[in-house]
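Peer 1:
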């Protein structure tokens, strides 16, 4: 019995180690898609309040595909994390939007609480009153 | 012609009711009118006025609590997924 449980726990440890490794390595190795990084830097796309990317100017089809792909991936991550935290996807996404707007760099675009696109300056961004 | 017809048809109708059977019923109606009106208007106000503020305030309160609760976890999520954020 003890041997079996030992083996099981060892197997579980190994499995979690593998999972952590496979998750952590690509996360740290992968960076932003060059098209996304360029569009972000040039102000074509910005961070919306709802936690997703939005178009400041009408996007080219290639850029649209990249951004839609990112938003789908974001939603998948939000959904997974929201379930783990017993929150709704919208709540988790809004929280992330607060943080992502706060993390924008000067020159990047973000959505103000009134819905307008703003360029991030050196000061704090205009954010929803609920943001931490 | 018109004025005579109107007075003839109008007067008996009101006077007849008021004088004979309608006096008590009319008073009751008058007494009940404010109550009915009050209920009617009160119902309208209680349905319409709180409808908007309450919904908005609840959303703000719930979400602000939730946002603060989720902030740390969301920050970790963003940091561990630099390719999509």
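Protein chains in written order, with my numbering: chain A, 33 to 164; chain B, 120 to 204.
Glycine included, every Cβ here is placed at the ideal spot set by N, Cα and C.
Here the structure is a predicted model, which is why all the values come from computation and not from measurement.
What whole-angstrom Cβ distance do residue 68(A) and residue 102(A) have, given they're in contact under 8 Å?
Peer 2: For the purposes of this step, residue 68(A) is identified with residue 36 of the first chain, where counting begins at 1. For the purposes of this step, residue 102(A) is identified with residue 70 of the first chain, where counting begins at 1. That belief holds up - the Cβ atoms of residue 68(A) and residue 102(A) are roughly 6 Å apart, short of 8 Å.
Peer 1: So residue 102(A) contacts chain B; which residues on that side make the cut at Cβ distance below 7 Å?
Peer 2: Counting from 1 along the first chain, the entry for residue 102(A) is found at position 70. Simply 203.
Peer 1: Between residue 80(A) and chain B, is any beta-carbon pair separated by less than 9 Å?
Peer 2: Along the first chain, one-based indexing puts residue 80(A) at 48. It does not; no Cβ of chain B falls within 9 Å.
Peer 1: Among residues of its own chain, excluding the 5 on either side of residue 130(A), which ones have a beta-carbon nearer than 7 Å to its beta-carbon?
Peer 2: Within the first chain, the letter at position 98 stands for residue 130(A). These residues qualify, in order along the chain: 159, 160, 163 and 164.
Peer 1: According to the neighbour-count rule (16 or more other Cβ atoms, all chains shown, within 10 Å of its Cβ), is residue 149(B) buried or exposed?
Peer 2: Residue numbering aside, residue 149(B) sits at position 30 when the second chain is read from its first letter. Per the 10 Å Cβ criterion, exposed.
Peer 1: Between residue 124(A) and residue 79(A), which are expected to be in contact by the criterion C-beta below 8 Å, what is the C-beta distance as a whole number of angstroms?
Peer 2: Locating residue 124(A) in the first chain gives position 92, counting from the first residue. Locating residue 79(A) in the first chain gives position 47, counting from the first residue. At roughly 15 Å, the Cβ-Cβ gap does not stay under 8 Å, so residue 124(A) and residue 79(A) are not in contact.
Peer 1: Report the option in 155(A), 150(A) and 157(A) whose CA atom is closest to the CA atom of residue 86(A).
Peer 2: Your numbering for residue 86(A) matches position 54 in the first chain. The option with the nearest alpha carbon to residue 86(A) is 150(A).
Peer 1: Can you tell me whether residue 157(A) is buried or exposed? The criterion is at least 16 other CB atoms within 10 Å of its CB, across all chains shown.
Peer 2: In the first chain, residue 157(A) corresponds to position 125, counting from 1. That one is buried.
Peer 1: Going by the DSSP bridge assignment, what does residue 151(A) pair with across the sheet?
Peer 2: On the first chain, residue 151(A) is found 119 positions in, with the first residue counted as 1. 141(A).
Peer 1: Locate the beta strand (DSSP E) running through residue 129(A), then write down its first and last residues.
Peer 2: For this step, residue 129(A) is matched to residue 97 along the first chain. Careful: residue 129(A) lies outside any beta strand (DSSP E), inside the alpha helix (DSSP H) at 121-134.
Peer 1: Output, in chain order, the set of chain A residues within a Cβ distance shorter than 7 Å of residue 189(B).
Peer 2: As a working mapping, residue 189(B) is identified with position 70 in the second chain. Chain A residues near residue 189(B): 117, 119, 123, 124 and 127.
Peer 1: What's the gap between the Cα of residue 193(B) and the Cα of residue 75(A)?
Peer 2: On the second chain, residue 193(B) is found 74 positions in, with the first residue counted as 1. On the first chain, residue 75(A) is found 43 positions in, with the first residue counted as 1. Spanning the two alpha carbons is a distance of roughly 24 Å.
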